[in-house]
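Below: the structure, in structure tokens.
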Amino acid sequence: MNHSSALERITLADRIADTTLWLVATLHVIAAAAMFFLLLSLSPASANDLPVCGGKSLLPQLEASDPAAYATLVEEAKATPNGDGILWKIERDGTRPSYLLGTMHVTDPRVLAMPPAAQSAYREAETVVIESDEIADEKKASATLLARPDLTMFMDGRTITGLLGEKDSAILAEGLKKRGMSLAAVSRMKPWLIMSFVALPACEMARKQAGAYFLDQKLAKDAIADGKTLKGLETIVEQISTLDGLPLAPQLAGLVQMVQLGETMEDIIETMSQLYLAGDVGMIMPLMRAAVPEGEDEAAGYAEFEQRVIIDRNHRMAERAAPILSGGNVFIAVGALHLPGKEGVVELLRGEGFTVSRVQ
């Protein structure tokens, strides 16, 4: 495989893969909260017969096909502030230390295990903070979604088939069929919502249907069971409004591209999982940027995506975390892609007056 095709696969993955990782975060919430009206066409999985996800990292292909391009990405990743860790210690004089864990929103047992230092930090913490504490209560989350159908469904008569046209609708219909869903069942759904389910590999979907939790949701439920205080940094409506506010045309294009990836999604998720487990989260954003197709429209679309879905939310989460952290002994867990960079949560917390140092 040549460099361009290898990189294209990574981008379709990673460009939507931060969308995917974050969408999967949000949509894990939605899937848990609104399974009854979003996934009615799917057959339930057995908790005793969960598939093991396959997939392989795409990075060796890229390194072999174009060593220079791969080396450039590695150097950019190394230059990314705070891009080499998923667990950080947060300190301020006069308070007990707190910890920040970057998470990956999947049901992968390797991810759920958490590093030993993170397990210890969680056990000691009095307060657990996640992106949205509403994921701990599926009924409450469901009621929130039902009260705002305009965020997930077209309310003005538009349909996904009407927006896509005949050719792309046929591609979507075939892709959905392979995933046990029908185009008719999702015809009025917003494209980002459909994309989130298409983005889930079959193994992830089956584990979720069987009741498996992704890491943030598991932490939320464990915190309640363990008698800890649970808090959130965003509401579900805020998260979904961010997605719903993205331009429609790139969403539609991304949906069709995502469907065409097919089983490659397992490779994409595995690529990102291996980077995450190695603590190399700073590599993900350079891959995303490098994979953006040439052209002013594409560059502008990605810039808006990065600003609204990542950077703006980084600021919101850091600002809301600061007063909680002021009391000390807090365990915060947010998506790992929110940690690195000059406007990542780690650096923003330093700007709030905390000393933040890498643990792992």
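If you read the sequence shown in full-length UniProt numbering, its first letter stands for residue 1, the second for the next number, and so on. Where is the CB? At the ideal position from N, CA and C, for every residue including glycine. Predicted, not measured: the structure shown is a model, and the values here were computed from it.
What does DSSP give as the partner residues of residue i in its beta bridges?
i, result
"lysine 89", "Tyr99, Ser357"
"residue 372", "Because the chain in this structure spans residues 1 to 360, residue 372 falls outside the shown range and cannot be described."
"methionine 189", "Met153"
Check residue i in the structure and name its three-state DSSP category.
i, result
"glycine 344", "coil"
"alanine 220", "helix"
"glutamate 352", "coil"
"leucine 337", "helix"
"threonine 72", "helix"
"leucine 59", "helix"
"arginine 110", "helix"
"glycine 94", "coil"
"leucine 200", "coil"
"arginine 148", "coil"
"aspartate 312", "helix"
"threonine 159", "coil"
"leucine 183", "coil"
Is the Cβ-Cβ distance between residue i and residue j less than 8 Å?
i, j, result
"valine 111", "serine 357", "no"
"methionine 104", "leucine 215", "yes"
"isoleucine 160", "methionine 189", "yes"
"aspartate 267", "glycine 102", "no"
"proline 51", "alanine 212", "no"
"glutamate 352", "alanine 322", "yes"
"aspartate 108", "cysteine 53", "yes"
"valine 330", "threonine 127", "yes"
"methionine 265", "alanine 220", "no"
"leucine 73", "methionine 283", "yes"
"arginine 96", "glycine 328", "yes"
"leucine 252", "leucine 163", "yes"
"isoleucine 332", "leucine 100", "yes"
"proline 115", "glutamine 360", "yes"
Return the Cβ separation of residue i and residue j in integer angstroms, given the expectation that the two are a contact with Cβ distance under 8 Å.
i, j, result
"asparagine 82", "glutamate 347", "6 Å"
"glycine 279", "isoleucine 86", "5 Å"
"residue 367", "serine 132", "The structure shown has nothing for residue 367, since the chain only spans 1 to 360."
"isoleucine 194", "leucine 255", "6 Å"
"threonine 355", "glutamate 134", "So it is not a contact: roughly 31 Å between Cβ atoms."
"tyrosine 70", "glutamate 63", "4 Å"
"leucine 349", "valine 281", "So it is not a contact: roughly 16 Å between Cβ atoms."
"threonine 80", "proline 247", "At roughly 27 Å, the Cβ-Cβ gap does not stay under 8 Å, so threonine 80 and proline 247 are not in contact."
"serine 57", "glutamate 270", "6 Å"
Every unbroken beta strand (DSSP E) within the stretch 220-283, with a cutoff of 3 residues, ordered by chain: 229-232
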